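S.K.:
Chains as they are written, first to last, in the working numbering: chain A, 10 to 504; chain B, 2 to 167.
See the structure below:
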C-alpha cells in the first residue's frame, strides 16, 4: 500500500508529468494517423528510452499506449476508417452519427467512455497484483516456458482467420528472433556470414518493418486523403451525458475489455467487436444499431481502453505479451534492464504501481486533451496522406538507424518491411509474428534452463502437465470460439 | 486472379524454403544452440507444408472471399483497384525508397531525406514549390533538433558536409 502511494508522488514530480504528457500527445498523433497504432508508436519510442530511468520511461511509454484507443476514434468517426485496429467497431455507429451532423456527440461519448473504461482497467490491474503474487512466485523455468508456449499458441490461433496461418505467423517471428548469437553457447545462427546479423535483428526494425512500413506503402497506394470533410457539429455535452446515462454499458464493456486484454492473442482487434456484439445481443431495441446508435460508440470505446490494463497483467507478471503493442512494451522493459516475471511482484513492485498510475493519469489527460484539441485535430484529418508520408518515412528510417548506427539497419528495415507488406497482402497475421519475435529469446532461455536442470524430467512437472492440458483445451476451444465470433462479427457488421 | 493466387502460393513456398533451410542449417549447431531453432523450424516446416495444401485446395473459396481476406487482427486489405495496379504502385514506392537510400549513401542522411521530402511534395503530392521547400526545411529542422536533444545519429554519405547537413 505504501509503495502504491509512493509511486503516485514520484509520478507527480514535474519531469515525470512532462514525459507522461509528451507520451499522451504523441499517442494522440499516432492514433489519429490511420493504420498506425500502439505498435508503431511504441517502437518509435524505443530508441528514445535507452538509458532512461525506468519510472520516466514508463510514464512516456504508457502515456502513449493508453491514449491511442482514445484518439483513434477521430478517423473512425470522422471518415469511417479505423485509426487503429482497436476502433473498427466504433465506425459502425460513429460514422453514421457524424454523417447526421452529430460527430461531436459521438466523440464526446467516445472520450468519456474511453476515460471511464481506462480507469476501470487501471483499477482491475491494481486489484489483481496481490491476488496473482503467490501464483507468479510459484513459477519456475519449465512452467514459464509452457506459459510462453500457451501465450504463443493462443496468439497464433486467435490473431488470424486461419489457426494454422496464425501459428506459422508466430513461427516467422521465432525464426527472425533466432537469427544471431545463441543465448546459451557461442554460436552464430542463420547469419549467412553477415556481420550485421551476428547481434540479431533489433526489435525497432522488426516492429517498424512489420507494421509501419506496410501501412505507409498501402496508404500511398490508395492515395486518398484521410478525410473528405471535417465538420464536428454540436452536442459535446450530449455525448458526455449519453455515456453517463449508459453507465452500466460502460461498466460491462470495460470488464469485457479487461478480461480480453488479459488473454494473450485476443487483444486489440477483437475486443471492440466483442463489446459491440455484446451490446447488440443484450439490447431490446436494436433497430438503430448501424445507423447511428450512441450505444454502439460507447460499448467498443469503453472496452478498448480497458484492455490496456488487462494486457499489462500477463506482460508484467509472466512476460507474456497479450498483443502486439504489449510485445513491444515487453521489449522496452528488456531494454531498460527489467526482467518481467516474479521480480515484478517483489523488488520491482514500485514500477508496477508507476505503470498503473501512468495508465490512469494518461487516460485522464488523453480524454481531456482530445476534447480540448478536437477542433485542430479534426482539421488534421483532412490533410492528404501524401503530405504525411515523407515525414513518416523520415521518422521510421531515422528511428531504425538508432538500433545499431549502421547501414544494415536501413537495409533490414526495407527487407522486413517488404516481408511485412507481403504478409499483410496474403493474410499472415503480423501481430503473432511480432509476439513470436519478442518471445523467442525468453522462450529459448526457459527451454535450455529446463533441459539443463531437469533433463527430460521437466516435462513431467505437474505445472507443465496442467499447462499442456490447458494449451490443448484452449486450442480446440478457441478454434470453435473463433468460428462463432466470426459469425457474430459478420452479423454485427451487417446489422 | 490467377496471377494473384500464384503470388500468394509463391510466398507460401518461400516460407517452406525458409523453414527447410532453418532445419538444414541448425543440424550443425552445438547442442544447446540447436534444440530451439531445430525443433521450431522442423515443426514450422510441417505446418507450412500442410498450409500450402490447404491453400491450394481452398483456392475457390479464397477467390470469393479475397477482399475481406485478412480481417481479424490486422486492418483488412481492401483494394478498390485491380491487383495489377497495386503491384505496380508497390514497385513504384519501393523504387522511390531505394532511390532515397542511394541518395543517402551519396550525400548523407539529412540532406538526402530533406531533398526527398521536398521533391515528393512537389512531384507526387503536387504541392507548390514554396510549400515543398518549407516541408523539406521542416524535415531538416526536426532532424537537427532530434540529434541535439535526444543525441540521435544518422548515416553520413560519401560527400562530407558540415552539421546539420551531413
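Yeah, the Cβ is synthetic: ideal placement off N, Cα and C, and Gly gets one too.
Note that the structure is a prediction, hence the values are computed from the model and not measured.
Determine the direct distance from the alpha carbon of residue 131 of chain A to that of residue 13 of chain A, and round the result to whole angstroms.
M.R.: Your numbering for residue 13 of chain A matches position 4 in the first chain. Your numbering for residue 131 of chain A matches position 122 in the first chain. Taking the straight line from one Cα to the other gives about 13 Å.
S.K.: Under 8 Å, CB to CB, which of the residues in the segment 173-194 of chain A have a partner in chain B?
M.R.: Result list: 173, 174, 176, 177, 180, 181, 183, 184, 187, 191, 193, 194.
S.K.: Could you check where the alpha helix (DSSP H) with residue 149 of chain B kicks off and where it finishes?
M.R.: In the second chain, counting from the first residue as 1, residue 149 of chain B sits at position 148. Looking at the DSSP string, the run of the alpha helix (DSSP H) that includes residue 149 of chain B is 130-151.
S.K.: Distance cutoff 9 Å, beta carbons only. Does residue 419 of chain A sit that close to anything in chain B?
M.R.: Numbered from 1 along the first chain, position 410 holds the residue referred to as residue 419 of chain A. Chain B contact via Cβ: present.
S.K.: According to DSSP, simplified to helix, strand and coil, what is residue 28 of chain B?
M.R.: For the purposes of this step, residue 28 of chain B is identified with residue 27 of the second chain, where counting begins at 1. Residue 28 of chain B: coil per DSSP, three-state reduction.
S.K.: Per DSSP, which residues does residue 190 of chain A bridge with? Please list them.
M.R.: As a first step, residue 190 of chain A is located in the first chain; it is residue number 181 there, counting from the start. Residue 190 of chain A is bridged to A/197.
S.K.: Under 9 Å, Cβ to Cβ, is there at least one residue of chain B near residue 198 of chain A?
M.R.: Start at 1 with the first residue of the first chain, and residue 198 of chain A comes out as number 189. Yes, contact with chain B.
S.K.: By the DSSP assignment, the alpha helix (DSSP H) with residue 318 of chain A in it spans what residues?
M.R.: Indexing the first chain from 1 puts residue 318 of chain A at position 309. Element bounds for residue 318 of chain A: 304-327.
S.K.: Say whether chain A places a C-beta atom closer than 9 Å to the C-beta of residue 64 of chain B.
M.R.: The sequence position of residue 64 of chain B within the second chain is 63, counting from 1. Low per-residue confidence applies at residue 64 of chain B: pLDDT is 46, beneath 50, and the placement is therefore not dependable, though the value from the model is reported in the following sentence. No, residue 64 of chain B does not count as interfacial toward chain A.
S.K.: So which residues of chain A does residue 38 of chain B contact, with C-beta pairs closer than 8 Å?
M.R.: Here residue 38 of chain B corresponds to residue number 37 of the second chain, with the count starting at 1. Ordered by position in chain A, the residues that pass the 8 Å Cβ test against residue 38 of chain B are 184, 187, 198, 199.
S.K.: Under 8 Å: does the beta carbon of residue 30 of chain A sit that close to some heavy atom of the ligand HEM?
M.R.: Although the ligand HEM was asked about, the structure shown includes no ligands whatsoever.
S.K.: For chain B, find out if any of its Cβ atoms is closer than 9 Å to the Cβ of residue 468 of chain A; answer yes or no.
M.R.: Here residue 468 of chain A corresponds to residue number 459 of the first chain, with the count starting at 1. No, because no Cβ of chain B sits closer than 9 Å to the Cβ of residue 468 of chain A.
S.K.: Is residue 107 of chain B close to chain A? Criterion is C-beta to C-beta, closer than 9 Å.
M.R.: Your numbering for residue 107 of chain B matches position 106 in the second chain. So, not an interface residue.
S.K.: Report yes if the C-beta distance between residue 332 of chain A and residue 440 of chain A is below 9 Å; otherwise report no.
M.R.: As a working mapping, residue 332 of chain A is identified with position 323 in the first chain. As a working mapping, residue 440 of chain A is identified with position 431 in the first chain. Yes, the pair counts as a contact, with Cβ atoms nearer than the cut-off.
S.K.: Which runs of the alpha helix (DSSP H) at least 4 residues long sit entirely within the segment 85-116 of chain A? Give them in chain order.
M.R.: Those alpha helix (DSSP H) runs which fall completely within the segment 85-116 of chain A and span 4+ residues are 99-108.
S.K.: Do the CB positions of residue 49 of chain B and residue 177 of chain A come within less than 9 Å of each other?
M.R.: Residue 49 of chain B sits at position 48 when you count from the first residue of the second chain. Residue 177 of chain A sits at position 168 when you count from the first residue of the first chain. It is a contact, given that the beta carbons lie within the stated cut-off.
S.K.: Note the first and the last residue of the continuous alpha helix (DSSP H) segment covering residue 52 of chain A.
M.R.: Residue 52 of chain A sits at position 43 when you count from the first residue of the first chain. That run of the alpha helix (DSSP H) goes 47-58.
S.K.: So with CB distances below 7 Å, who are the chain A contacts of residue 121 of chain B?
M.R.: Reading the second chain from its first residue, position 120 is the one you call residue 121 of chain B. Near residue 121 of chain B (Cβ distances below 7 Å), the residues of chain A are 399.
S.K.: So, using beta-carbon positions, are residue 168 of chain B and residue 399 of chain A closer together than 9 Å?
M.R.: Here chain B has residues from 2 to 167 only, and residue 168 of chain B is not among them.
S.K.: Fully enclosed by the segment 239-283 of chain A, which alpha helix (DSSP H) runs are 4 residues long or longer?
M.R.: Here the runs fully enclosed are 245-254, 256-271.
S.K.: Would you report the Cα separation of residue 141 of chain B and residue 111 of chain B, rounded to the nearest angstrom?
M.R.: The residue you call residue 141 of chain B lines up with position 140 of the second chain. The residue you call residue 111 of chain B lines up with position 110 of the second chain. Near 6 Å, if we compare the C-alpha coordinates of residue 111 of chain B and residue 141 of chain B.
S.K.: Between the alpha carbons of residue 189 of chain A and residue 413 of chain A, how many angstroms are there, rounded?
M.R.: Residue mapping note: residue 189 of chain A aligns to position 180 of the first chain, counting from 1. Residue mapping note: residue 413 of chain A aligns to position 404 of the first chain, counting from 1. Approximately 14 Å, taken between the alpha carbons.
S.K.: What residues from the segment 17-37 of chain B come within 9 Å of chain A, judged by C-beta to C-beta, listed N to C?
M.R.: Those residues of the segment 17-37 of chain B that come within reach of chain A (Cβ to Cβ, closer than 9 Å) are 19, 20, 22, 23, 26, 27, 30, 31, 32, 33, 34, 35, 36, 37.
S.K.: Do residue 288 of chain A and residue 305 of chain A come within 9 Å of each other at the CB atom, strictly closer than that value?
M.R.: By 1-based counting over the first chain, the position of residue 305 of chain A is 296. By 1-based counting over the first chain, the position of residue 288 of chain A is 279. Yes, the pair counts as a contact, with Cβ atoms nearer than the cut-off.
S.K.: Quick check on the DSSP output: the alpha helix (DSSP H) that includes residue 458 of chain A runs from which residue to which?
M.R.: Within the first chain, residue 458 of chain A is the residue found at index 449, counting from 1. Its alpha helix (DSSP H) spans residues 439-463.
S.K.: Taking residue 57 of chain A as the query, report the chain B residues whose CB atoms sit under 8 Å from its CB, ordered along the chain.
M.R.: If you number the first chain from 1, residue 57 of chain A lands on position 48. Under the 8 Å cutoff, chain B gives 151.
S.K.: Roughly how many whole angstroms lie between the Cα atoms of residue 183 of chain A and residue 123 of chain B?
M.R.: For the purposes of this step, residue 183 of chain A is identified with residue 174 of the first chain, where counting begins at 1. For the purposes of this step, residue 123 of chain B is identified with residue 122 of the second chain, where counting begins at 1. Distance between the alpha carbons of residue 183 of chain A and residue 123 of chain B: 42 Å.
S.K.: Using a beta-carbon distance below 9 Å, is residue 142 of chain B in contact with chain A?
M.R.: Locating residue 142 of chain B in the second chain gives position 141, where the first residue counts as 1. So, not an interface residue.
S.K.: Within 9 Å (strictly less), CB to CB, does residue 461 of chain A reach chain B?
M.R.: Counted from its first residue, the first chain places residue 461 of chain A at position 452. Yes, contact with chain B.
S.K.: Closer than 8 Å is the cut-off here; do at least three beta carbon pairs connect the segment 324-331 of chain A with the segment 91-99 of chain A?
M.R.: As far as the Cβ criterion goes, the segment 324-331 of chain A does not touch the segment 91-99 of chain A, which means the pair count is below three.
S.K.: In whole angstroms, give me the CA-to-CA distance for residue 71 of chain B and residue 100 of chain B.
M.R.: As a first step, residue 71 of chain B must be located in the second chain, where it is residue number 70. As a first step, residue 100 of chain B must be located in the second chain, where it is residue number 99. Low per-residue confidence applies at residue 71 of chain B: pLDDT is 38, beneath 50, and the placement is therefore not dependable enough to give any value.
S.K.: Here's the rule: buried if 16 or more other CB atoms are within 10 angstroms of the residue's CB, otherwise exposed. What is residue 446 of chain A?
M.R.: Counted from its first residue, the first chain places residue 446 of chain A at position 437. Residue 446 of chain A comes out buried.
S.K.: Straight-line CA distance for residue 408 of chain A to residue 49 of chain A?
M.R.: On the first chain, residue 408 of chain A is found 399 positions in, with the first residue counted as 1. On the first chain, residue 49 of chain A is found 40 positions in, with the first residue counted as 1. C-alpha separation (whole angstroms): 11 Å.
S.K.: Do you know offhand how far residue 155 of chain A's Cα is from residue 484 of chain A's?
M.R.: The sequence position of residue 155 of chain A within the first chain is 146, counting from 1. The sequence position of residue 484 of chain A within the first chain is 475, counting from 1. Cα to Cα, the separation comes out at about 14 Å.
S.K.: Under a Cβ-count criterion, where at least 16 other Cβ atoms within 10 Å of its own Cβ denotes burial, should residue 461 of chain A be classed as buried or exposed?
M.R.: Here residue 461 of chain A is taken as the residue at index 452 of the first chain, counted from 1. Exposed is the call here.
S.K.: Compute the distance between the beta-carbons of residue 318 of chain A and residue 41 of chain A, then report whether it is under 9 Å.
M.R.: In the first chain, counting from the first residue as 1, residue 318 of chain A sits at position 309. In the first chain, counting from the first residue as 1, residue 41 of chain A sits at position 32. Result no, Cβ atoms of residue 318 of chain A and residue 41 of chain A do not sit closer than 9 Å.
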